[in-house]
Amino acid sequence: MNASEVKNQARALGADLVGIAPRSRWADWPAEHNPCSIMPQCQSVIVLGRKILRGAFRGIEEGTNFGSTYGNFGRGWAEFTFLPRIIYNLACVLESSGAEAVPMSGGTPKGQQNVQLEVKALAQAAGLGSIGKGGFFLTPQYGHRQRLALLLTDLELPGNELNELNLCQDCQACITACPLQAYSCQNGQFTLNRSLCQQCQNGAAAGGDLSCEPLDRLAASCGRACLVALEDKIEERFLHKFRQRAVWQRDLLGHPTVLSANLKGEDK
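In numbering that gives the first Met the number 0, the protein residues as written are 0 to 267.
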């Protein structure tokens, strides 16, 4: 199979995003993050993405439903039911053509001598987008709204053109939206205090070690601020703006506050 056939097959199986990172782009990565540590003959990493419905964020945005909307359709089923079917079925197609294919989820459990592949770094190397200031992986199609998984293969495939995307230019919406002030800045680089973030009661949740977002902040205050800030910059557009009301948030003790309405996602 060639690259075009692989991509067409992936899309036919339901992938919204598909990119290829050839060996030349990651061959010199450290062994603990290198695909060749898992598959020595790996020549290409195929990165697949499935978009998260904007509507899956609605229950958390309104503060009225945290489970069946985002919890299932945004996180659990999206990453561990819908996406694995695409990965598995594409792997079957590749292996039927004579190539070996190693299917991988977006995350790997720590310990047990597991090599930890960096799915966001590989997605960037596959030309799908870039890692933003707040640590979210951003694509021109959906902003931060996607789940990612991987296929390692011994097929030698040309890579996607690298995407010099900079959706974060002149924007700090995700950082200023954090009610716990979990971000700090040094020399222009932002760092997330993950232990503080784990206490967030504003939509953050544990995604699990197998997730591309082990600490899932996509629907938290920071993630939804990113969604609002990017809705006029990305390709997928909607009839109405996402934010329709004043923003709610909770502090470390769980005390709620309703902020003045900022319907444009401006980082003020």
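Glycine included, C-beta positions come from ideal geometry on N, C-alpha and C.
Less than 7 Å between the C-beta atoms of Tyr141 and Lys50, yes or no? yes
Check whether the segment 97-104 and the segment 36-43 touch, using three or more Cβ-Cβ pairs below 8 Å as the test. yes
Using the Cβ count rule (16 or more neighbours within 10 Å means buried), how would you classify Phe56? buried
Measure from the alpha carbon of Asn7 to the alpha carbon of each residue in Ala20, Glu31, Ile85, then state which is nearest. Ile85
DSSP bridge partner residues for Phe136 (one or two, in chain order): Ile130
Contiguous alpha helix (DSSP H) assignments of at least 4 residues, all confined to the segment 61-138: 82-95, 118-124
Could you say which of Gln115, Pro139, Arg146 lies nearest to Ala30 if we only look at CA atoms? Gln115
Chain-order list of residues whose beta-carbon lies under 7 Å from that of Arg193 (same chain, five-residue window excluded): Leu214
Per the contact definition of three or more C-beta pairs closer than 8 Å, is the segment 116-130 in contact with the segment 72-85? no
Could you say if the segment 52-66 and the segment 169-181 meet the contact criterion of at least three C-beta pairs nearer than 8 Å? no
Bounding residues of the beta strand (DSSP E) (the contiguous stretch that carries Gln185): 182-185
Exposed or buried, what is Asn186 when buried is set at 16 or more other beta-carbons lying within 10 Å of its beta-carbon? exposed
Check this for me: beta carbons of Ile19 and Gly158, under 7 Å apart or not? yes
Quick check on Gly15: buried or exposed, where buried means 16 or more other Cβ atoms within 10 Å of its Cβ? The amino acid at residue 15 is misidentified as Gly; the sequence shows Asp. Buried is the call here.
Can you list the beta strand (DSSP E) stretches of 3 or more residues lying completely in the segment 220-252, in chain order? 247-249
Given Gly70, which residues of its chain have a CB within under 8 Å of its CB, disregarding the five upstream and five downstream residues? Ala204
For the alpha helix (DSSP H) that contains Leu195, what are its first and last residues? 193-196
Can you tell which of Glu155, His32, Met103, Asn201 has the C-alpha that lies nearest to the C-alpha of Leu251? Asn201
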